[in-house]
Amino acid sequence: MRVLLVGAGGVGTAITRIAARRPFFTHMAVADYDLERAESAVAALGESGDRFSAVRLDASDRAAVRAALREHRCDVLLNATDPRFVMPLFEAALAHGVHYLDMAMSLSRPHPSRPYEECGVKLGDAQFERAPAWQAAGRLALVGMGVEPGLSDVFARYASDELFDEIEEIGVRDGADLTVEGYDFAPSFSIWTTIEECLNPPVVYEEERGWFTTAPFSEPEVFDFPEGIGPVECVNVEHEEVLLVPRWLKARRVTFKYGLGDEFIGVLRTLHKLGLDRTDPVSVRSDRGGVAVSPRDVVAACLPDPAGLGERMHGKTCAGTWVKGVKDGRPREVYLYHVVDNQWSMREYGSQAVVWQTAINPVAALELVAGGAWGGSGVLGPEAMPPRPFLDLLTEYGTPWAMREQ
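Residue numbering for the sequence shown follows this note's numbering, starting at 110 and increasing by one per position.
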C-alpha cells in the first residue's frame, strides 16, 4: 500500500510516528501546505523514515492533489486536515480512483429559520450524496475514522453485535482531566474544529423523530470517567457519530456529549458573542492596506499549537461509548472506552495524548484495509466494518481498550 497523507499538523505527525512502526505500507508521502512542517514530520522519524517523503501541497487544489497521487503512485488518500478541506480531497481521491479515509466529515450548515429544532445540512451529507459514484468506481471512502468519530463507532458496532439484543441508547461520552502548565486557556485539539463542533447546533437522533437539533451545550449530565479521571459534566455537542450510527445500527436514541467544563464553555460563548467564531473574512487595516482575514483563523493563530503542548500537559483523556439496552431479557448498561495517559504517549511517541489517540485509529484502519480484513466500496462509516479485527489490532498496537459494566 502507498499512502498520500495530507496534513502534517499534530495528528498528521502522530500518524507518521505510529505508522513508522508498522510494515503494512511501502511508502507514505507526507503532504502539507507548509513544506517545512512536512519535512520536520519526516525528519523526526530518523532511520525509521526511509519509507516517507515530504511534499508541499495545497489541499484545496484538486488538480494538485491528483498530481501528487499520480506522482507517488498512491493507493489511498488519508485526510488529516481540518474539515474545510474534506470535499476537495474526497473528490480528488474519487476522480483519481483511489481509496479515501478521513477523521472528520463534510461540514454542516444550520437550518435557516429553526436552527435549534431542525437539521439543515448535516455533517457528512455532501459525502453521502456521492456514495453512488464511489460504489460505481469500486472504491472505498471510509469516513469518520479517528477516535471520535471512529473508535467510538467501532465500539457501537461491537456492542450491537455481541453485547445487546436491543439497544435503548448509544451515547458517546468524552472526558479528560488534562491540564497545561503556563496557560490559562490552551485547547488540546484544533481550536478551529473545536469551535465548529461546539457552537453549531448539536444533533440528536431518536428512532421516532429521526435527526433533530438542540441548543449548544444542552442536556448537561455528570458522567463518571474511568481510570481516575472521575466525574465530569458533559453537554450535547454536534458530532459525526450521531449522523453515522443510525445508518447502520438500530438504537432508539443516539447522542454525543463532551466534557468541556464551565470555563471552556464560557470562552466559546464569548467568542461567539464577539463574532470571533466566524469563518468568512473581514477587512482589517494594516500598514500595507486592507487585509481580509477570517476571525476564527486569528483566534487559532493567537493560541498555542496543540501539538506542541505535550511537555506541559498532564493527565489522561478518555474516549468511549456508553450503551444501554437489553441482553437475554435483562437490562444492561456498559461503557466501552480507551484511555491515553499523556506521559505515556509523550514518552513512547513524542505526541500529546489527544492527537495521538486520534491518530492511531486511521493507521489501524489502513492496516486492516491493506490486509483485506476491512473493505467494500461506497461511502462507509466505521459501523459498516467488523469490529473485532480492529479492536484486536488496537491491543496489538500496545494500547488496549476496556469495558465497564455500569
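Every residue, glycine too, gets a C-beta built ideally from N, C-alpha and C.
Boundaries of the beta strand (DSSP E) in which Val-164 is found, first to last residue: Counting along the chain, the beta strand (DSSP E) containing Val-164 begins and ends at 161 to 165.
Query raised in the report: When you compare only the Cα positions, how much space is there between Glu-347 and Leu-154?
Result: Straight-line Cα distance between these residues: approximately 35 Å.
Given Ile-304, which residues of its chain have a CB within under 7 Å of its CB, disregarding the five upstream and five downstream residues?
Same-chain partners within the cutoff: Leu-377, Leu-380, Asp-386, Arg-405.
Exercise. In angstroms with no decimal places, state the Cα-to-Cα distance between Lys-359 and Phe-499.
Key: Near 21 Å, if we compare the C-alpha coordinates of Phe-499 and Lys-359.
Spatial neighbours of Lys-366 within its chain, please: C-beta separation below 8 Å, excluding the five flanking residues on both sides.
Gly-280, Val-281, Arg-282, Asp-283, Glu-328, Glu-330, Phe-332, Cys-343, Val-344, Asn-345, Val-346.
task: Starting from Arg-513, trace the beta strand (DSSP E) both ways and give me its first and last residue.
output: First-last of the beta strand (DSSP E) with Arg-513: 511 to 514.
Since Thr-190 and Gly-116 should fall inside the 8 Å C-beta cutoff, what is the C-beta to C-beta distance between them, to a whole number of angstroms? The beta-carbon separation of Thr-190 and Gly-116, rounded to 4 Å, stays under the 8 Å limit for a contact.
Check: Taking the alpha carbon of Pro-132 as the point to measure from, which residue in Asp-396, Ser-392, Leu-477, Gly-484 has its own alpha carbon closest?
Finding: For Pro-132, the closest alpha carbon among the candidates Asp-396, Ser-392, Leu-477, Gly-484 is that of Leu-477.
task = Within its chain, find whatever has a CB closer than 8 Å to the CB of Asp-184; leave out the 5 residues flanking it on each side and keep chain order.
result = Correct list, in chain order: Met-110, Arg-111, Val-112, Val-207, His-208.
Could you work out which residue in Val-443, Pro-296, Gly-417 is closest to Ser-460 when comparing CA atoms only?
When each option's Cα is compared against that of Ser-460, the closest is Gly-417.
| Rounded C-alpha distance that separates Lys-436 from Leu-308 | Those two C-alpha atoms are separated by around 37 Å.
**Helix, strand or coil at Trp-431 [DSSP, three-state]** = Three-state result, Trp-431: strand.
Roughly how many whole angstroms lie between the Cα atoms of Arg-130 and Leu-352? Approximately 33 Å, taken between the alpha carbons.
From the DSSP output, which residues share a beta bridge with Pro-340?
DSSP lists Asp-333 as partners of Pro-340.
Exercise for the section: Would you mind working out which of Ala-324, Phe-161, Pro-197, Ala-285 sits nearest Ser-169, comparing C-alpha positions? Expected result: Ranked by how close their Cα comes to the Cα of Ser-169, the residues Ala-324, Phe-161, Pro-197, Ala-285 have Pro-197 in first place.
**Asked** Between Val-363 and Val-393, what straight-line distance do the alpha-carbon atoms span, to the nearest angstrom?
**Response** About 43 Å.
ask   = Mind checking Thr-125: buried by the 16 CB within 10 Å criterion, or exposed?
value = Thr-125 comes out buried.
With burial defined as no fewer than 16 other Cβ atoms inside 10 Å of the residue's Cβ, what is the status of Lys-382: buried or exposed?
By the 10 Å Cβ count, Lys-382 comes out exposed.
- Identity of the residues DSSP links to Pro-440 by a beta bridge: Answer is Val-435, bridged to Pro-440.
I believe Leu-412 touches Ala-295 by the beta-carbon criterion, under 8 Å. Please report the beta-carbon distance rounded to the nearest angstrom. That belief holds up - the Cβ atoms of Leu-412 and Ala-295 are roughly 7 Å apart, short of 8 Å.
- Query: Can you round the beta-carbon distance between Ala-428 and His-447 to whole angstroms, since I take them to be within the 8 Å contact cut?
  - Reply: The Cβ separation is near 5 Å, so the contact holds.
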